[in-house]
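In my numbering, the protein residues as written are 340 to 766.
Structural data, given as C-alpha cells:
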C-alpha cells in the first residue's frame with residue numbers, strides 16, 4: 340500500500356531539501372522494529388532490579404570472597420576500602436538539597452570550593468585532509484583552561500600543530516593518515532595536560548576529557564595501541580609522582596564494568612541474549628543515587644576486553660578507580676575515573692570529588708566548566724576549516740610556487756552548498 344501524504348509540520352529552514360512525507364513514511368515503516376526495541380528496553384529495566392538490589396546489600400568482605408572464588412582475572416571491577424563508607428552502594432553528597440533545577444542554592448558552595456583549588460582542563464580537535472586535495476595536510480589544535488585562584492592566575496589559549504603525510508593517493512593511505520592524526524591528537528592532549536600541570540604554582544585538579552579504559556584500542560593496529568597506551572601510562576605515572584590528581588570525566592557512559600562484576604561472581608553471562616545484556620552501569624546505579632552529588636564508592640577497574648586480555652595484574656586498567664556521580668535529576672550519573680593513588684592520601688578523594696561537583700555547578704549544572712571552556716578553545720569550526728585551507732593554499736602558492744588543487748566534486752560542493760551565513764561559498 341502506498342504511503343498516504345500527510346501534512347507533517349516541522350520548522351524547516353530555507354535550505355532543507357529533505358522530503359518530510361518520505362521521512363514520515365519511512366518512520367511508519369520501521370515502527371514495528373522501534374516498538375520491539377522499546378519492549379526489549381522495558382525487559383532490560385526489569386532484569387536490572389535484582390542486580391541493583393544485590394549492589395544495595397553486598398558488603399566488601401563478602402564481595403572479595405566471591406571474587407576470589409570466581410577466579411576471574413579481570414572481573415569487571417573490584418572493591419576498595421571506600422566501599423566500607425557506603426550505605427546501599429551510595430555515599431551521600433556534601434549538600435543536603437533536592438533542588439536539581441537551579442544553581443542558586445549551590446553556587447556559593449561551589450564558589451567556595453573552587454577558590455581554594457587550582458583547576459586545569461585540556462581538550463583537542465583536529466582537521467583531516469579533504470579527499471582530493473593535492474597537499475595531504477592535517478591539523479591538531481589543543482585548547483586549555485587553567486585557573487589558579489591562589490596565585491591570581493587564569494589562562495585560556497590554544498596551540499595548533501600540523502600533520503603532513505609523505506604519501507598521497509590511495510583511499511587506504513588517506514584512512515591511515517586520518518588514524519595517525521587521531522592518535523597524534525590523543526598523545527598531544529596527554530602531553531599538554533601534563534606539561535601545563537607541572538608548571539602551575541599550585542597543584543591543580545586536572546580534567547582529562549576521555550576515559551583511561553580504552554577498549555576501542557582492541558580494533559587498532561599494534562603501533563597505534565602501544566603509542567596510545569604509552570601516552571596514558573606516562574600521564575598517570577608522572578602525575579602520580581608529582582601528586583597531581585588527573586580525573587577522566589565521561590558524561591554519557593555506556594560502560595558495563597559493574598554489570599560484569601555481578602556476572603563474574605554469579606557465574607552469569609553478560610553479553611548477547613543474556614538477562615544482563617543491555618544493562619549499563621549508569622542505569623544500574625541511577626536509583627541508588629537519589630540526591631544531588633551522591634556517588635558510588637570508588638571501585639578498582641578490572642575490565643575484561645581485547646586490551647586487558649592476557650595482561651599482567653598491574654596493567655594500566657588496575658591503576659584506575661571508577662565512581663558514578665549524580666549531577667542532574669534528568670540524566671544518568673556521570674562516570675568519573677580517578678587514579679587509585681588518590682585514595683591513599685587522607686581527604687584527597689573527597690576533595691577531588693567536590694571539585695568535580697563544583698565545576699558542574701558553575702557549568703550551569705550540565706558539564707564541568709573547565710572542560711567546556713577548554714573545548715571552546717580547542718574546537719575547529721567549519722569556518723576555521725575554510726580559513727585553514729585558504730591560508731594553506733595561499734601560503735603554498737607564495738612560498739613554494741605550488742598550486743594546491745582539489746577535486747571537482749569538492750569544488751562543486753563548496754559552490755552549491757550554503758555556508759553558515761546562508762550564502763554560497765566560493766572560497
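Note that the Cβ used here is the ideal one computed from N, Cα and C, for glycine as well.
**OP:** Over the uninterrupted beta strand (DSSP E) stretch that includes residue 500, give me the two end residues.
**Re:** Taken as a continuous stretch (DSSP letters only), the beta strand (DSSP E) holding residue 500 covers 492–503.
**OP:** Answer yes if the segment 442–461 comes into contact with the segment 666–685, meaning at least three C-beta pairs across the two stretches below 8 Å, and no otherwise.
**Re:** Pairwise C-beta distances place the segment 666–685 out of contact with the segment 442–461, as fewer than three of them are shorter than 8 Å.
Original post:
Applying the criterion that 16 or more other CB atoms from any shown protein chain within 10 Å of the CB defines a buried residue, is residue 370 buried or exposed?
Top reply: Residue 370 is exposed by the Cβ-count criterion.
Subject >> Inter-residue Cα distance where the pair is residue 547 and residue 368 >> reply: Just so you know, the alpha carbons of residue 547 and residue 368 end up roughly 43 Å apart.
Subject >> Neighbour-count burial assignment, residue 475, 16 or more Cβ in a 10 Å radius >> reply: Buried.
**OP:** Go through its chain and collect everything with a Cβ distance to residue 285's Cβ below 8 Å, but skip five positions before and after it.
**Re:** Only positions 340 to 766 of the chain appear in the structure, and residue 285 is not among them; the question remains open.
**OP:** Compare the C-alpha of residue 413 against each of 430, 595, 614 and 428 and name the closest.
**Re:** Residue 595 is the option with its Cα nearest to residue 413.
Original post:
Any chance the segment 525–532 sits against the segment 478–488, with 3 or more Cβ pairs inside 8 Å?
Top reply: The answer is yes - the segment 478–488 touches the segment 525–532, with three or more Cβ pairs under 8 Å.
Original post:
For residue 542, which residues from the same chain have a beta carbon less than 6 Å from its beta carbon, with the 5 sequence-adjacent residues on both sides left out?
Top reply: Here the set comprises 583.
**OP:** Quick one: grab the DSSP three-state call for residue 464.
**Re:** Strand at residue 464.
**OP:** Count the other CB atoms, across all protein chains shown, that sit within 10 Å of the CB of residue 374; report buried if there are 16 or more and exposed otherwise.
**Re:** Its Cβ having fewer than 16 others within 10 Å, residue 374 is exposed.
**OP:** Determine the DSSP secondary structure at residue 702, reduced to helix, strand or coil.
**Re:** DSSP places residue 702 in coil when its eight states are reduced to three.
Original post:
Which residue comes first and which comes last in the alpha helix (DSSP H) that contains residue 405?
Top reply: From DSSP, the alpha helix (DSSP H) with residue 405 extends over 399–409.
Subject >> N-terminal and C-terminal residue of the beta strand (DSSP E) that residue 546 is part of >> reply: Taken as a continuous stretch (DSSP letters only), the beta strand (DSSP E) holding residue 546 covers 543–547.
Subject >> Proximity to residue 624 [Cα-Cα], best of 679, 616 and 674 >> reply: Checking every option, the nearest Cα to that of residue 624 belongs to 674.
Original post:
Taking the continuous beta strand (DSSP E) assigned at residue 676, which residues delimit it?
Top reply: Looking at the DSSP string, the run of the beta strand (DSSP E) that includes residue 676 is 673–678.
Subject >> Range of the contiguous alpha helix (DSSP H) that encloses residue 375 >> reply: For residue 375, the uninterrupted alpha helix (DSSP H) segment begins and ends at 370–396.
Subject >> Own chain partners of residue 356 with C-beta closer than 8 Å, once the 5 adjacent residues on each side are dropped >> reply: Closer than 8 Å at Cβ, skipping near neighbours: no residue.
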